[in-house]
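Since the structure comes first, as structure tokens, the remarks are kept for the end.
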Amino acid sequence: MTEPSDKPMTEDRREFLKTGAVLAGATLAPGLLLYGVADGRAPEEGASSKVRWGLLIDSLKCGEGCHDCVTACNTENGLSGNTGPQDTQYIRKLDIKDLRTGWVHSLPMMCQHCENPPCVDVCPTGASMKRADGIVLVDRHICIGCRYCMMACPYKARSFVHEPLHDQNPEVPRGKGCVESCTFCVQRVDRDLQPACVEACNAKGHKGMIFGDLKDPNSELSQVFRAVHNTEVRADLGLNTAVRYQGI
Amino acid sequence: MASLRKGLWLIVLIGGLIALLAAPGAVVAGVDLPRLEHGKGDRCVDDEDTIRRKHPDFLKHHRDETMRNGIRTTKYSLKQCVACHASEKTGSVAASKEDFCVACHSYVAVHLDCWDCHATRPMKPQVAAQPAPSASPAPIETGVKP
Numbered sequence: 001m002t003e004p005s006d007k008p009m010t011e012d013r014r015e016f017l018k019t020g021a022v023l024a025g026a027t028l029a030p031g032l033l034l035y036g037v038a039d040g041r042a043p044e045e046g047a048s049s050k051v052r053w054g055l056l057i058d059s060l061k062c063g064e065g066c067h068d069c070v071t072a073c074n075t076e077n078g079l080s081g082n083t084g085p086q087d088t089q090y091i092r093k094l095d096i097k098d099l100r101t102g103w104v105h106s107l108p109m110m111c112q113h114c115e116n117p118p119c120v121d122v123c124p125t126g127a128s129m130k131r132a133d134g135i136v137l138v139d140r141h142i143c144i145g146c147r148y149c150m151m152a153c154p155y156k157a158r159s160f161v162h163e164p165l166h167d168q169n170p171e172v173p174r175g176k177g178c179v180e181s182c183t184f185c186v187q188r189v190d191r192d193l194q195p196a197c198v199e200a201c202n203a204k205g206h207k208g209m210i211f212g213d214l215k216d217p218n219s220e221l222s223q224v225f226r227a228v229h230n231t232e233v234r235a236d237l238g239l240n241t242a243v244r245y246q247g248i
Numbered sequence: 249m250a251s252l253r254k255g256l257w258l259i260v261l262i263g264g265l266i267a268l269l270a271a272p273g274a275v276v277a278g279v280d281l282p283r284l285e286h287g288k289g290d291r292c293v294d295d296e297d298t299i300r301r302k303h304p305d306f307l308k309h310h311r312d313e314t315m316r317n318g319i320r321t322t323k324y325s326l327k328q329c330v331a332c333h334a335s336e337k338t339g340s341v342a343a344s345k346e347d348f349c350v351a352c353h354s355y356v357a358v359h360l361d362c363w364d365c366h367a368t369r370p371m372k373p374q375v376a377a378q379p380a381p382s383a384s385p386a387p388i389e390t391g392v393k394p
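Okay, here's the thing in structure tokens:
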């Protein structure tokens with residue numbers, strides 16, 4: 001419950017407050033942590049279940065023909081950017097048309113990082129997994145490329161690598177014979193950065209994506225969740241997705 | 249006179265023998281060990297004997313810790329190995345027979361799968377921007393009421 005003893009004594013005010021919050025949680029209800037701290041994680045600390053990463057996409061701010069999030073994703077993860085049936089796409093940009101009114105609008109579709117992910121249920125090797133902080137990943141070391149998860153995913157979020165790859169991004173190892181999908185840019189999240197798509201969307205001024213901790217009531221994401229109605233795609237499946245949409 | 253000449257011959261012979269033994273320092277008796285490029289890595293995270301014997305275990309343990317638990321320490325990280333040991337000639341740990349990983353692994357005939365997925369070169373400081381993806385597919389038509 002207390003900080004490790006080998007930490008230097010020069011802790012800043014933030015650290016002091018963190019410890020205070022943890023102790024307060026313990027006093028109120030031993031064994032139950034009421035309030036977790038989302039950021040500022042040390043490399044040796046690992047992902048924590050006190051955090052659940054989530055993403056809110058405002059599809060009304062999402063421009064038709066705008067691919068800024070997709071481009072940023074491709075650059076970060078070393079994807080080819082091709083959109084053929086055998087090409088990897090972590091984010092697919094969809095244009096949705098209402099047949100009755102003719103209203104067309106656009107949104108990015110990617111791994112929804114479900115709380116109860118069907119891909120994890122069906123994986124025969126345990127390669128498809130959910131990290132403590134809710135990020136759904138494929139452990140390529142033990143993925144046998146059976147593609148059950150691709151069939152199980154209701155969001156068509158996963159891709160299979162059909163051809164040998166070269167010159168991968170050192171932070172994003174990927175190769176032939178494995179299934180892969182959006183990782184919330186886990187390599188960036190672990191460094192307290194936002195996923196590449198969110199950063200690009202905000203940097204280009206669209207401001208259509210908010211990334212944050214769903215379990216932290218003070219995060220921007222939680223505040224917007226409380227204020228504005230949002231939609232879970234295929235809520236009927238009861239997957240409790242971490243990616244939610246506004247305006248659909 | 250004859251004994252002097254005999255003595256001279258003996259000195260020449262001994263000198264020659266010493267020269268023969270001392271000169272070819274590179275030719276060591278026994279097996280021909282692999283010669284590898286260490287890159288800029290002059291000292292390892294552990295002593296060499298431990299690393300030589302146990303690096304597969306260290307790497308496998310660390311890969312699971314990072315992949316499954318999000319622990320991103322740099323000791324025993326494959327990325328860190330590459331960062332230090334990429335050859336100065338090829339910029340890689342697995343591009344030529346002398347490069348750090350391949351030198352020993354080809355010597356002992358152990359095939360490495362690591363490089364099917366992992367980069368053999370250290371992180372580049374700047375990643376080039378990719379072109380925008382091709383035209384998006386036709387809109388998906390839904391019967392959703394407004």
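Keeping their order, the protein sequence lines are chains A and B. Under this note's numbering, the residue at position 213 of the first sequence is numbered 213, and the numbers go up by one with no gaps. Under this note's numbering, the residue at position 14 of the second sequence is numbered 262, and the numbers go up by one with no gaps. In this text, a Cβ means the ideal position worked out from N, Cα and C, and glycines have one as well.
Kindly list, in the order they appear in chain B, the residues whose Cβ is closer than 8 Å to that of residue i.
i                : result
MET129 (chain A) : ARG316
ASP190 (chain A) : GLY318, ARG320
ALA47 (chain A)  : ASN317, GLY318
ASP43 (chain A)  : Checking the sequence, you will find Pro at residue 43 (chain A) rather than Asp. Neighbours of PRO43 (chain A) on chain B, chain order: ILE319, ARG320, THR321, THR322.
Buried or exposed, going by whether 16 or more other CB atoms sit within 10 Å of the CB of residue i?
i                : result
TRP363 (chain B) : buried
ILE144 (chain A) : exposed
HIS359 (chain B) : exposed
THR125 (chain A) : exposed
GLU220 (chain A) : exposed
VAL267 (chain A) : In the structure displayed, chain A extends from 1 to 248; residue 267 (chain A) sits before or after that span and is not available.
LEU60 (chain A)  : exposed
GLU336 (chain B) : exposed
CYS123 (chain A) : buried
What is the rounded straight-line gap between the Cα of residue i and the Cα of residue j?
i                : j                : result
PHE184 (chain A) : ARG52 (chain A)  : 12 Å
VAL37 (chain A)  : LYS50 (chain A)  : Bear in mind that a pLDDT of 44 at VAL37 (chain A), under 50, signals an unreliable position, so the number given afterwards is only what the model happens to contain. Rounded to whole angstroms, VAL37 (chain A) to LYS50 (chain A) spans 7 Å at the Cα level.
ARG119 (chain A) : GLN328 (chain B) : The identity of residue 119 (chain A) in the sequence shown is Cys, whereas the question assumes Arg. Distance between the alpha carbons of CYS119 (chain A) and GLN328 (chain B): 31 Å.
GLY31 (chain A)  : LYS130 (chain A) : Because the pLDDT at GLY31 (chain A) is just 45, under 50, the model does not fix this residue reliably, and the point stays unresolved.
ALA367 (chain B) : LYS204 (chain A) : 30 Å
GLY208 (chain A) : ARG283 (chain B) : 55 Å
THR83 (chain A)  : GLY65 (chain A)  : 14 Å
HIS105 (chain A) : GLU180 (chain A) : 27 Å
CYS146 (chain A) : ASN230 (chain A) : 34 Å
VAL293 (chain B) : ASP58 (chain A)  : 47 Å
VAL70 (chain A)  : CYS197 (chain A) : 7 Å
GLY278 (chain B) : TYR355 (chain B) : 15 Å
HIS231 (chain B) : ALA331 (chain B) : Absent from the model: residue 231 (chain B). The displayed extent of chain B is 249 to 394, so no value can be given.
SER128 (chain A) : ASP121 (chain A) : 8 Å
At 8 Å on the CB atoms, spell out the chain A contacts of residue i, in chain order.
i                : result
VAL341 (chain B) : Per Cβ cutoff of 8 Å: no residues; VAL341 (chain B) is ~11 Å from chain A at best.
VAL330 (chain B) : PRO170
ARG311 (chain B) : HIS141
Can you list the residues of chain B that residue i reaches, using a CB-CB cut of under 7 Å?
i                : result
GLY175 (chain A) : ASP364, CYS365
Opposite residue i in the DSSP bridges: which residues?
i                : result
GLU180 (chain A) : A:SER159
PRO108 (chain A) : A:LYS93
GLY54 (chain A)  : A:GLY212
SER222 (chain A) : Its beta-bridge partners do not exist; DSSP assigns none.
LEU137 (chain A) : A:MET129
TYR245 (chain A) : A:ILE57, A:THR231
Who are the neighbours of residue i on chain A, taking C-beta pairs under 7 Å?
i                : result
LYS327 (chain B) : PRO170
Along chain A, in chain order, which residues have C-beta atoms closer than 9 Å to that of residue i?
i                : result
PRO370 (chain B) : PRO170
Is residue i close to chain E? Criterion is C-beta to C-beta, closer than 7 Å.
i                : result
GLU115 (chain A) : In the structure shown, chain E cannot be found, because the protein chains are A and B.
- Message: I'd like the ranges of any alpha helix (DSSP H) spanning at least 4 consecutive residues and lying wholly in the stretch 282-345 of chain B.
- Response: Segments of the alpha helix (DSSP H) lying fully in the stretch 282-345 of chain B: 296-317, 326-333.
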